[in-house]
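Have a look at the structure below, then the notes.
Protein chains: 4
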Amino acid sequence: MVQATPFLLVLFLALGAHGLSAKKVQSGWDAQGRVGCTGGCGCRLCCGTSAEFSPLQCNLVGRWVNDLGSNMTITSVNANGAFGGSYHTAVTATSNEIKVSPLQGSMQKSPNQKGQPTFGFTVNWKFSESVTVFTGQCFVDDDGKEVLKTMWLLRSHVEDIKNDWKATR
Amino acid sequence: MVQATPFLLVLFLALGAHGLSAKKVQSGWDAQGRVGCTGGCGCRLCCGTSAEFSPLQCNLVGRWVNDLGSNMTITSVNANGAFGGSYHTAVTATSNEIKVSPLQGSMQKSPNQKGQPTFGFTVNWKFSESVTVFTGQCFVDDDGKEVLKTMWLLRSHVEDIKNDWKATR
Amino acid sequence: MVQATPFLLVLFLALGAHGLSAKKVQSGWDAQGRVGCTGGCGCRLCCGTSAEFSPLQCNLVGRWVNDLGSNMTITSVNANGAFGGSYHTAVTATSNEIKVSPLQGSMQKSPNQKGQPTFGFTVNWKFSESVTVFTGQCFVDDDGKEVLKTMWLLRSHVEDIKNDWKATR
Amino acid sequence: MVQATPFLLVLFLALGAHGLSAKKVQSGWDAQGRVGCTGGCGCRLCCGTSAEFSPLQCNLVGRWVNDLGSNMTITSVNANGAFGGSYHTAVTATSNEIKVSPLQGSMQKSPNQKGQPTFGFTVNWKFSESVTVFTGQCFVDDDGKEVLKTMWLLRSHVEDIKNDWKATR
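Residue numbers (our numbering), protein chains in the order written: chain A, 7 to 175; chain B, 7 to 175; chain C, 7 to 175; chain D, 7 to 175.
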C-alpha cells in the first residue's frame, strides 16, 4: 500500500487559511516501520496481536511537510508528552529571510487517544518578532498514511496594548 | 505609579470567547521589583540608565489569573525562551473533574520585543482528551500593571478524520 | 483576598483580540422598556404573564457600543431573521479615514433560542478593501442588561491566491 | 440569472478545519464565458479592451461545492454588494436531519478588488439552533478556474452567558 521510497515523496494539498494538513515525508526506514503498517514484523507500533492494541498508530516523531511546502521535524517525545523540534516555513508575513526555527510542544499520551493523539506546539520564529501556535491531531487516513490536521494562530508583536486586537491572524 | 500590595488584588473582566486577559497576581516582592518600575534599586529588569533599555518590562514568570477565574503559574524561562508551568482552569467543556495540568511553551527573547514579549504555550489537559494552545503578548498597561492578552484554540480528540472539521473551538 | 467594593462601576473593558462584548446604549426610552425589564407595564418584550414567555429577552434592534468604542445600529429584523444596519468602528488596521459602513446579517428566530438568539452579520467596509464577519449571541446578563458576545474574522484583500493564508485575522 | 447546468464537474479537496475551498460547478457555458477568460466574445466580464479592466474576474453568483461536499448557491448580488442564497451542508455537529438553509451576505464592489472580491455571509441553519459566518475571497486560480477561499466560525446557542466561552468553533 505504501512503498518505502528512498527519496522524498511530497504531495501538496490545496487548503484554506488557518487550517493545514501535513503529510509525513516517506523515506526508507521511516515508511517501513510505520506508514500503512504493512511491514510485517517490523511493524512495531501498530500491529499487536492483542486486542487492546489499536490498529491505528500515528507517531508525531519524524519529518513532516505541509501543503504550503513548509517542513517540520519532531525529534522526540518524552514520557510526559513534551516534545521539541524545528520548523522551516515556506511562507512568511514579513520580508525577512526565512530561518529554521525551534518548536516546543506537548501531546496527549493517554490510551484513549487510540493511536491518533491530539497535540499542540509553539514555533518561536528566529527571523521575526512573532510566534505561531499550532494545535491538531495525528491521524492515520483511509490509505494508512499518517497525516497531521492542524489549525494555527500567528501572533505578531505590537508596540501598544491598544493594537492588541489586530495582532493575531 | 504602582504600589506593591502585600495581598492579592484580583479583578475579573468580562470578555469574549477565545480572547482572554490575564492579570498578574501581585504579591510583595513580585510587584516591587517589576511592575511599573518605580521600585528604585530593586528594579533590576527595567531601569537601566542606558537609552537602549526599555522602560517597560513584562515578565512571564509568576502566577496569573484570568477573567474566567483560571490560574496559571509559569515557573521559569530558559535562555532560549522555552518555559514550563501549570494551568488550573476554572471552566471545562467536559463533565470530568478538573485537575491542574502542565504547560509547555516558548517566548521571544529578542530586544526588539521591548520588554513586552510575544509567547505561545500548550496545555496538556490531565482530565480530558484535549489540548489547548494559547498565544499572546505580555504587556505593561497604562497603570503599570502586567497583563497578558491571549487567544486560544481548544482541540478535542475525534475518532475519525472525517470529524476533524469540528474538533477545534 | 478580594475586597468587596460597595458600588459597581461598570465601564467598558479592554478585551482580547477576536472576542468582543457590546453593551446596549441605554438612553431614555430604550432602557425603560427593555433593559433590566424593571419598567412595569412598559416592559413589552420580557414580562408576559403566560408561561410560554421566557423571562429573558434580548433584542438585537437598537444601538450597541463595544469595548473598543465602536458603535453599531441594527435597524430592523424581518420575519425570516434577516437584518440590516450600520457599523462605526473605532479601530482600523489601515491608515484610511474611518467611515460608517453597512452591515447585513441574519439571526435565529426559533423559540428554542429562549429570548437569547444567536446571529451573524457581515460588515462591508466603506474605507478599506476588507470585510469583517461577526457571530455571537444576544444575552441578558445577571443584572438584566442586554449584552452581545461576539467573535469576528477580518478578511483583507490579497492580490494573489498564494497569499490567502495570511489574509484573515 | 444562472441557469441549471447540464453536467456537474465536482472536485473535492483535502483541507484543514475552519478553512474551506469551494470550486464552482463548471458546466458548458459557465466556464466558457468566464473561467480563465478564453471564450472570445462571450467573455463579458473579464475581457474589455480598456486598460482599466482586470484580466481576472471571479463572480460569486452561481453554484459552488466545497471540499466537504457542501453545496452553496448565490442567486444575485445587488448594487451595494448585498447578496442572498442557500446553503446545503454535507456535515453537521448535530444529529438533526440536514435541511437547506438561507444565507445573507455582502461583498466588496470596489474596482480595487481587481475582479477578486472579498465577501462575508451568514448561514441561518434551519435544522439547528446555530449560525455560521463565512468570510473569504473569490479567486481566479492559475488554471483560470474560479475558487472561493473562506474561513468560518460556527456559533452554537448556549443557555447561559457563562458558557459563552465554548460556544464558537
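From the three backbone atoms N, C-alpha and C, an ideal C-beta is built for every residue, glycine too.
Computed from a predicted structure; not experimentally measured.
Counterpart residues of residue i in DSSP-defined beta bridges
i: Q130 (chain C); result: Residue 130 (chain C) is actually Asn in this sequence, not Gln. Note: N130 (chain C) sits in a beta bridge opposite C:V137.
i: K27 (chain C); result: Checking the displayed sequence, the identity of residue 27 (chain C) turns out to be Ser instead of Lys. C:K155.
i: V146 (chain C); result: C:E152
i: N72 (chain D); result: D:A28
i: T174 (chain D); result: D:R161
i: T124 (chain D); result: D:Q143
Proximal residues of chain A, C-beta to C-beta of residue i below 9 Å
i: V97 (chain C); result: K168, N169, W171, K172
Test: residue i CB closer than 9 Å to a CB of chain G
i: H94 (chain D); result: Here chain G cannot be found, since the structure's protein chains are A, B, C and D.
Short Cβ contact (9 Å threshold) for residue i with residue j
i: L160 (chain B); j: T141 (chain A); result: yes
i: V137 (chain C); j: Q114 (chain D); result: yes
i: G68 (chain C); j: E152 (chain C); result: yes
i: T124 (chain A); j: E135 (chain B); result: yes
i: K107 (chain C); j: F127 (chain C); result: A quick correction: the sequence has Ser, not Lys, at residue 107 (chain C). No. Outside cutoff.
i: D170 (chain A); j: K155 (chain B); result: yes
i: L26 (chain B); j: W158 (chain B); result: yes
i: K29 (chain C); j: V97 (chain C); result: no
i: V31 (chain A); j: N77 (chain A); result: yes
i: T79 (chain A); j: V129 (chain A); result: no
i: K105 (chain C); j: R175 (chain A); result: no
i: L62 (chain B); j: V146 (chain B); result: yes
i: F89 (chain D); j: S116 (chain D); result: no
i: E24 (chain B); j: H24 (chain C); result: Before going further, note that residue 24 (chain B) is His rather than Glu in the sequence given. Result yes, Cβ atoms of H24 (chain B) and H24 (chain C) sit closer than 9 Å.
Contacts of residue i in chain B (Cβ-Cβ under 7 Å)
i: L74 (chain D); result: W171
i: D147 (chain A); result: I167
i: G111 (chain A); result: Q110, T128
i: V106 (chain A); result: The contacting residues do not exist; V106 (chain A) stays about 14 Å from chain B at best.
Residue i, DSSP secondary structure in three states
i: P108 (chain A); result: strand
i: V164 (chain C); result: coil
i: K115 (chain C); result: coil
i: N102 (chain B); result: coil
i: N86 (chain C); result: coil
i: N77 (chain D); result: strand
i: N65 (chain D); result: coil
i: G54 (chain C); result: At G54 (chain C), the pLDDT of 31 sits below 50, so the modelled position is not reliable; the number obtained from the coordinates is stated separately. Three-state DSSP puts G54 (chain C) in coil, outside helix and strand.
Contact list for residue i against chain C, beta-carbon separation under 7 Å
i: G87 (chain D); result: N130
Contact list for residue i against chain B, beta-carbon separation under 8 Å
i: E135 (chain A); result: Q114, S116, N118, Q119, T124
i: V31 (chain A); result: Near V31 (chain A) there are no residues of chain B at all, since even the closest Cβ is about 19 Å away, more than 8 Å.
Residues that residue i contacts on chain D, provided the C-beta gap is smaller than 7 Å
i: R175 (chain B); result: K172, T174, R175
Chain-ordered chain D contacts of residue i [CB-CB under 9 Å]
i: R161 (chain C); result: T124, F125, G126, T141, G142, Q143, T156, M157
Beta-carbon neighbours of residue i, restricted to chain C and to distances below 9 Å
i: V67 (chain D); result: Under the 9 Å cutoff, chain C gives no residues; its nearest Cβ is about 16 Å from V67 (chain D).
i: P83 (chain D); result: Note that residue 83 (chain D) is Val in the sequence shown, not Pro. The contacting residues do not exist; V83 (chain D) stays about 11 Å from chain C at best.
Partner residues on chain A for residue i, Cβ-Cβ distance less than 7 Å
i: E71 (chain B); result: What sits at residue 71 (chain B) in the sequence shown is Val, not Glu. None at all; the shortest Cβ gap to chain A is about 18 Å.
*Three CB pairs or more closer than 8 Å across the segment 96-105 of chain A and the segment 117-129 of chain A*: no
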